[in-house]
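See the structure below:
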């Protein structure tokens, strides 16, 4: 197989058609199978497997529709895996701690009902995908706690992305019932897209009003007809750089309809408190030095991020530098600019560190009304 440099030289060297003879034609015919193989390998590298968790709610239906409109791309060979998780068998516990199950007949009836619900949910989800002829659709039905099952399926199938609809539980309800999206965002190593159904979105309305589908056997062309604004939070860490790169490769289209907004949040000015409660600031000279350093860091981070975007000349790039708590600033900017998606890199904090330092990605996923994509940098 020729090297990449040889292939580039072969493809870019002009050919003098007046000197082509039979030997040259034979050489070209021998080279063509190699080029075909390289093309196939290149296409195979662009195959993506996207796991979409579906259930009876409108939230998952909206999340699937949003995924088909905004994530499925004509440049990839996508496979959508529809995952429905049946609840586990209920065991009732008496006061003495003894567990009780239903009778065999009742259990059979319950199982039949669960299977019918699963079949109905999967069929409805397949209908949303049916017009996308070049997208492979697989269905998977499991039983257990959705939080654990989705995490296990994502890792076992080595998917490229997990898409979840969010029920938008409040703090108290989330504490008692648990949030599937939060749990998966914290524990799945793959990118997780959390989509919230807008409150003014009717259950009977068309879920994808801006979806245009070109039924072509050669390529999948599914894209939004309106311009999109994607907010990407960047900082000094490699995690945000990886998240931006992943977004440019997997989400952004090359039709000139997308605008990337690079947001860097400078930390607020530190105030030190004495034992008597008095607050102390640095001297003006020290504050000026600190401010200059912060501005230099912000400029460096933004420039590094802009360089990553230069490989996508049709994508518009805007920059924004704010100051404050990143959790609050990202949420405020997302709402103020009415962005179509927020992209965040995850530092992958453990439970204890997350409790003390707080997780920007978790906070934003819970409080931002727009779809939030959380990307974790793989550990090498």
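Numbering (the numbering used here), first residue to last: 168 to 547.
Just so it is clear, CB atoms sit at the ideal spot from N, CA and C, and this is done for glycine as well.
Where does the unbroken alpha helix (DSSP H) through residue 293 begin, and where does it stop?
271-296
What residues in its chain sit with their C-beta under 7 angstroms from that of residue 340, if we drop five residues either side in the sequence?
With a pLDDT of 47 at residue 340, under the threshold of 50, the modelled position of this residue cannot be trusted, and the question is left open.
Helix, strand or coil at residue 424 according to DSSP, with G and I counted as helix:
coil
Grouping DSSP H, G and I as helix and E and B as strand, with all else coil, what is residue 249?
strand
If you draw a straight line from the alpha carbon of residue 270 to that of residue 213, how long is it in whole angstroms?
51 angstroms
Measure the alpha-carbon distance for residue 303 versus residue 417 and round it to whole angstroms.
17 angstroms
Would you list the residues sitting across from residue 395 in a DSSP beta bridge?
425
Can you give the Cα-Cα distance for residue 453 and residue 491, rounded to whole angstroms?
19 angstroms
Going by DSSP, name the residue or residues bridged to residue 306.
249
Pull up the distance between the alpha-carbon of residue 348 and that of residue 471, whole angstroms please.
31 angstroms
Give the straight-line distance between the Cα atoms of residue 432 and residue 402, rounded to the nearest whole angstrom.
8 angstroms
Just the Cα atoms here: how many angstroms apart are residue 482 and residue 297?
30 angstroms
Since residue 418 sits in a beta bridge, which residues does DSSP pair it with?
Answer is none; residue 418 lacks a bridge partner.
Sub-8 angstroms separation of residue 512 and residue 394 beta-carbons:
no
Quick one: what does DSSP say residue 232 is sitting in, helix, strand or coil?
helix
Determine the closest residue to residue 411 out of 364, 421, 475, 351, with distance taken between C-alpha atoms.
475
Between residue 364 and residue 229, is the Cβ-Cβ spacing less than 8 angstroms?
yes
Distance check for residue 455 and residue 486, CA to CA, integer angstroms please.
23 angstroms
CA-to-CA distance, residue 466 to residue 309, given in whole angstroms:
48 angstroms
Close beta carbons around residue 190, own chain, < 7 angstroms, minus the five adjacent residues each side:
Reliability of the predicted coordinates at residue 190 is poor, the pLDDT of 48 falling under 50, and the value obtained from them is presented with this limitation in mind. So no residue of the chain qualifies.
Can you tell me where the alpha helix (DSSP H) holding residue 456 begins and where it ends?
451-476
Okay, do the stretch 320-331 and the stretch 273-288 touch, 3+ Cβ pairs below 8 angstroms being the bar?
no
Buried versus exposed call for residue 459 [16 or more other C-beta atoms within 10 Å across all chains shown]:
exposed
Rounded C-alpha distance that separates residue 282 from residue 305:
17 angstroms
Within the same chain, show all residues whose beta-carbon is closer than 7 angstroms to that of residue 352, passing over the 5 residues directly before and after it, in chain order.
359, 361, 528, 529, 532, 541
Roughly how many angstroms separate the alpha carbons of residue 430 and residue 450, rounded to a whole number?
29 angstroms
Grouping DSSP H, G and I as helix and E and B as strand, with all else coil, what is residue 506?
coil
Of the listed residues 502, 326, 400, 488, nearest to residue 249 (C-alpha basis):
326
Work out the CA separation of residue 428 and residue 499 for me, nearest whole Å.
14 angstroms
Give me the residue from 477, 473, 434, 479 with the minimum Cα distance to residue 462.
434
Local conformation of residue 400 per DSSP, three classes:
strand
Work out the CA separation of residue 220 and residue 290 for me, nearest whole Å.
14 angstroms
Which residues does DSSP list as the beta-bridge partners of residue 596?
For residue 596 there is no data in the structure shown, the boundaries of the chain being 168 and 547.
Apply the 10 Å Cβ neighbour rule to residue 251 and answer buried if 16 or more other Cβ atoms are within range, or exposed otherwise.
buried
Pairwise C-alpha distance: residue 503 and residue 473:
22 angstroms
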